[in-house]
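The structure appears below as structure tokens.
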Amino acid sequence: MADKFKFALAVLLLVAGIAGFYLLAEQAMILRVLAVMAGTALAAGVAWRTEQGQRFFVFARESATEAKKVVWPSRKETMQTTGMVFAFVVVMAVFLWLTDKSLEWLMYDLVLGWRKS
Numbered sequence: 848m849a850d851k852f853k854f855a856l857a858v859l860l861l862v863a864g865i866a867g868f869y870l871l872a873e874q875a876m877i878l879r880v881l882a883v884m885a886g887t888a889l890a891a892g893v894a895w896r897t898e899q900g901q902r903f904f905v906f907a908r909e910s911a912t913e914a915k916k917v918v919w920p921s922r923k924e925t926m927q928t929t930g931m932v933f934a935f936v937v938v939m940a941v942f943l944w945l946t947d948k949s950l951e952w953l954m955y956d957l958v959l960g961w962r963k964s
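This note's numbering puts the first residue of the sequence shown at 848, with every later residue one more than the last.
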């Protein structure tokens, strides 16, 4: 029950920070942004104290660890793959243009006879 109360308090703090942004409409933008940031920071601090918050932060930490294990492609591999994608796009564009012009010629000139001069 305490976790539900803490989570509700965290949501209220977040909403209060966002509401502060709009309530301080006449103030400098820095104060408005600081209100949102303070509300978000306080909400995160309270949410961190809940069981769900602890699980979330453990999950986030493990996700960052897994992201560090990813083997990213080298610059050469990236450039080669990008070049192949661009070449494929050009080939497909030419193919679709030729198909469109062929169908246009077939329909308008041969079948319908609209373009005869």
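Backbone N, C-alpha and C define an ideal beta-carbon position, used for all residues, glycine too.
When secondary structure is reduced to three states using DSSP, Gln901 falls in the helix class. At the C-beta level, Ala882 and Gly900 stay beyond 8 Å of one another.
Judged by DSSP in its simplified three-state form, Met926 adopts helix. Spanning the alpha carbons of Thr897 and Lys853 requires a straight line of approximately 7 Å. The continuous alpha helix (DSSP H) containing Arg879 extends over residues 876-895.
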